[in-house]
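Colleague:
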């Protein structure tokens, strides 16, 4: 599989070293450790005869205490920031004049093989915009999964804001729909003038509630052909689309080619702090821009956010591969524990999400998550570690663990050790 994101000039600019060293003259060796709350370990230099960091010369600040100073014998290491993206050019994105946002939109559109892309604050907004652009009549119908993020976790925006009726479909364990059921629902609506007219099918890939399962390429092709027969469009909630592409070992375009539009999240696997994109045809994005404005999603000087997305995309493939590997190791480790209190099928762990089923009513997902987060003296005595693991209770019988760029293989092993300790204590 080739690189997900081709080499581009912004990589070199954003990849500039954040570590800068310069010689320190013998006559100006005073080094003061900054008290800044947002950058632990910063070093700044105050030359001899220079002004103190706080207050008047020779006096302590009335509001801040004098800081201890030490001699610097060789050089000053400037670790004040790891944010070269803050030097990116910005502009008024609401006018289409932010060069960094424009660059990000171009990169993501090319990545997914679409004509254009639109930068928005969240994937929830991207999904809502897509529904509003595809369903042109109030009361139109969208077919989507009962456990889909759009239906369960987005405040019912498709009905509350877009005025679109949801026809719910039961997902199979791997996150797909039964194609026969999809066709039957479409035909029912077409046969009766009392039913809402279906205009859109929404997919989720990877499927969060199914445990990060990947929608098979053959399934996407067959569903696309079915939708074309009945004149429906397909929108994919692709918040974790790159997880699917990396796991399958294919370019993202092999997935996106079966869809009319895709929402794409930068703050999940890619690891950016914020931001999503909606991609589609030129005409679709032109209409999406208007809806984004309606929903308040146009931002000024959004380039500082877009730049973080560009940096994240520059190494996203290796990041996702590591996340998937860590998730598989954890799943296999849970299986190897052989605990009668929980179960997992490692074969169902295809990307970065692990769902573990609890088998006894005396250990609920909420209770297990509390125990995993708490640290006790007994744990420290037995394991030699004080580890707080944060998990997500998922329904009545499961808990969810999701791997991301901040979790290392060592963290994964510590989490597994903590689970072993908790299950042993609960089983006694």
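Residue numbers (my numbering): -13 to 414. Positions of the beta carbon are idealized from the N, C-alpha and C atoms, including for glycine.
#1: Report the option in 280, 220, 275, 309 whose CA atom is closest to the CA atom of residue 255.
#2: Taking the C-alpha atoms as reference points, what is the distance between residue 38 and residue 78?
#3: Please return the same chain residues whose Cβ sits closer than 7 angstroms to the Cβ of residue 87, not counting the five positions on each side in sequence.
#4: Does the Cβ of residue 306 have 16 or more other Cβ atoms within 10 Å, making it buried, or fewer, making it exposed?
#5: With three or more beta-carbon pairs closer than 8 angstroms as the criterion, would you say the region 253 to 272 touches the region 92 to 110?
#6: Do residue 271 and residue 216 have their C-beta atoms within less than 8 angstroms of each other?
#7: Would DSSP call residue 387 helix, strand or coil?
#8: At 3 residues or longer, what runs of the beta strand (DSSP E) sit wholly inside the region 233 to 301?
#9: Let me know if residue 324 comes out buried or exposed under the rule of 16 or more other beta-carbons within 10 Å of its beta-carbon.
#10: Relative to the C-alpha of residue 240, which candidate in 274, 147, 191, 186 has its C-alpha closest?
#11: In or out: residue 127 buried (at least 16 other Cβ within 10 Å) or exposed?
#12: Nearest to residue 343 by alpha carbon, out of 301, 162, 278, 196?
#13: What are the boundary residues of the alpha helix (DSSP H) that residue 86 is part of?
#14: Do residue 369 and residue 407 have their C-beta atoms closer together than 8 angstroms?
#15: Could you check the C-alpha separation between residue 188 and residue 175 for me, to the nearest Å?
#16: Using the C-alpha atoms, what's the distance from residue 362 back to residue 411?
#17: What are the partner residues of residue 106, as DSSP defines its beta bridges?
#18: Within the region 137 to 175, note down every full beta strand (DSSP E) run reaching 3 residues or more, in order along the chain.
#19: By how many angstroms is the C-alpha of residue 364 removed from the C-alpha of residue 163?
#20: Which residue from 341, 200, 400 puts its Cα closest to that of residue 235?
#21: Taking the continuous beta strand (DSSP E) assigned at residue 219, which residues delimit it?
#22: Provide the residue span of the beta strand (DSSP E) that contains residue 188, from first to last.
#23: Taking 7 angstroms as the cut-off, does the CB of residue 157 come closer than this to any heavy atom belonging to the ligand NAP?
#24: In three-state DSSP terms, what is residue 210?
#25: State the Cα-Cα distance for the pair residue 207 and residue 375, rounded to the nearest angstrom.
#26: Can you tell me whether residue 283 is buried or exposed? The criterion is at least 16 other CB atoms within 10 Å of its CB, across all chains shown.
#27: For a test of the three-state rule: what should DSSP assign to residue 310, helix, strand or coil?
#28: Does DSSP put residue 343 in a helix, in a strand, or in coil?
#29: Indicate whether the contact test is met: 3 or more Cβ pairs, each with one atom in the region 111 to 125 and one in the region 148 to 156, closer than 8 angstroms.
#30: Residue 112: which of 298, 222, 81 sits nearest, CA to CA?
#31: Tell me the rounded alpha-carbon separation between residue 168 and residue 194.
#32: For residue 165, which of 124, 212, 180, 122 has the nearest alpha-carbon?
#33: Curious, which full-length beta strand (DSSP E) runs of at least 3 residues does the region 351 to 382 contain?
#34: Rounded to whole angstroms, what is the Cα-Cα separation between residue 226 and residue 134?
#35: Compute the distance between the beta-carbons of residue 337 and residue 198, then report whether it is under 8 angstroms.
#36: By Cβ distance below 6 angstroms, which residues in the same chain neighbour residue 391 in space, the five residues on each side in sequence not counted?
Modeller: From the atom records:
#1: For the purposes of this step, residue 255 is taken as the residue at position 269 of the chain shown. The candidate whose alpha carbon is nearest that of residue 255 is 309.
#2: Numbered from its first residue, the chain shown carries residue 38 at position 52. Numbered from its first residue, the chain shown carries residue 78 at position 92. In this prediction, residue 38 has a pLDDT of 37, which is less than 50 and means its spatial position is unreliable; what the coordinates show is noted afterwards. Note on geometry: alpha-carbon atoms of residue 38 and residue 78 lie some 39 angstroms from one another.
#3: Here the question's residue 87 lines up with position 101 in the chain shown. Answer for residue 87: 79, 105, 288, 289, 292, listed in chain order.
#4: Mapped onto the chain shown, residue 306 falls at position 320. It is buried - the Cβ of residue 306 has at least 16 other Cβ atoms within 10 Å.
#5: The region 253 to 272 vs the region 92 to 110: in contact.
#6: Against the chain shown, residue 271 aligns to sequence position 285. Against the chain shown, residue 216 aligns to sequence position 230. No, the Cβ-Cβ distance between residue 271 and residue 216 is not below 8 angstroms.
#7: Counting from 1 along the chain shown, the entry for residue 387 is found at position 401. For residue 387, the secondary structure class from DSSP, reduced to helix, strand or coil, is strand.
#8: Listed in chain order, they are 247 to 251, 262 to 266.
#9: Position 338 of the chain shown, counted from the first residue, corresponds to residue 324. That one is exposed.
#10: The residue labelled residue 240 in the question sits at position 254 within the chain shown. Selection 274, 147, 191, 186 evaluated against residue 240 yields 191 as nearest (Cα-Cα).
#11: For the purposes of this step, residue 127 is identified with residue 141 of the chain shown, where counting begins at 1. It counts as buried.
#12: One-based indexing of the chain shown puts residue 343 at position 357. Of all alpha-carbon atoms in 301, 162, 278, 196, the one lying nearest the alpha-carbon of residue 343 is that of 196.
#13: By 1-based counting over the chain shown, the position of residue 86 is 100. Element bounds for residue 86: 85 to 97.
#14: For the purposes of this step, residue 369 is taken as the residue at position 383 of the chain shown. For the purposes of this step, residue 407 is taken as the residue at position 421 of the chain shown. Contact flag set, yes.
#15: Sequence index remark: in the chain shown, residue 188 carries index 202 (1-based). Sequence index remark: in the chain shown, residue 175 carries index 189 (1-based). When rounded, the distance between both Cα atoms is 17 angstroms.
#16: As a first step, residue 411 is located in the chain shown; it is residue number 425 there, counting from the start. As a first step, residue 362 is located in the chain shown; it is residue number 376 there, counting from the start. Distance between the alpha carbons of residue 411 and residue 362 is about 12 angstroms.
#17: For the purposes of this step, residue 106 is identified with residue 120 of the chain shown, where counting begins at 1. Beta-bridge pairing links residue 106 to 262.
#18: Within the region 137 to 175, the beta strand (DSSP E) runs of at least 3 residues that lie entirely inside it are, in chain order, 151 to 155.
#19: Within the chain shown, residue 163 is the residue found at index 177, counting from 1. Within the chain shown, residue 364 is the residue found at index 378, counting from 1. C-alpha separation (whole angstroms): 47 angstroms.
#20: What you label residue 235 is simply residue 249 of the chain shown in a count that begins at 1. By alpha-carbon distance to residue 235, the top candidate from 341, 200, 400 is 200.
#21: Position 233 of the chain shown holds residue 219. Note, residue 219: beta strand (DSSP E), 219 to 224.
#22: Along the chain shown, one-based indexing puts residue 188 at 202. Annotation for residue 188: the continuous beta strand (DSSP E) segment containing it runs 184 to 190.
#23: Looking for the ligand NAP in the displayed structure turns up nothing, as the structure carries no ligands at all.
#24: As a position in the chain shown, residue 210 is number 224, starting the count at 1. Residue 210 carries a helical assignment under DSSP once its states are collapsed to helix, strand and coil.
#25: For this step, residue 207 is matched to residue 221 along the chain shown. For this step, residue 375 is matched to residue 389 along the chain shown. Computed Cα separation, rounded: 40 angstroms.
#26: On the chain shown, position 297 is the one that residue 283 refers to. Of the other Cβ atoms in all chains shown, 16 or more fall within 10 Å of the Cβ of residue 283; this residue is therefore buried.
#27: Translated into the one-based positions of the chain shown, residue 310 becomes position 324. In the structure shown, residue 310 sits in a helix (DSSP, three-state: H, G or I).
#28: Within the chain shown, the letter at position 357 stands for residue 343. DSSP places residue 343 in strand when its eight states are reduced to three.
#29: Flag = yes, the region 111 to 125 and the region 148 to 156 touch.
#30: Indexing the chain shown from 1 puts residue 112 at position 126. Just measuring C-alpha positions, the residue of 298, 222, 81 sitting nearest residue 112 is 222.
#31: On the chain shown, residue 168 is found 182 positions in, with the first residue counted as 1. On the chain shown, residue 194 is found 208 positions in, with the first residue counted as 1. Rounded to whole angstroms, residue 168 to residue 194 spans 21 angstroms at the Cα level.
#32: The residue you call residue 165 lines up with position 179 of the chain shown. Ranked by how close their Cα comes to the Cα of residue 165, the residues 124, 212, 180, 122 have 212 in first place.
#33: The DSSP assignment places 378 to 380 as complete runs of the beta strand (DSSP E) inside the region 351 to 382, in order along the chain (cut-off: 3 residues).
#34: Numbered from 1 along the chain shown, position 240 holds the residue referred to as residue 226. Numbered from 1 along the chain shown, position 148 holds the residue referred to as residue 134. The alpha-carbon of residue 226 is positioned some 13 angstroms away from that of residue 134.
#35: Reading the chain shown from its first residue, position 351 is the one you call residue 337. Reading the chain shown from its first residue, position 212 is the one you call residue 198. The Cβ atoms of residue 337 and residue 198 sit closer than 8 angstroms to each other.
#36: Within the chain shown, residue 391 is the residue found at index 405, counting from 1. Excluding positions up to five away in sequence, the list reads 257, 305.
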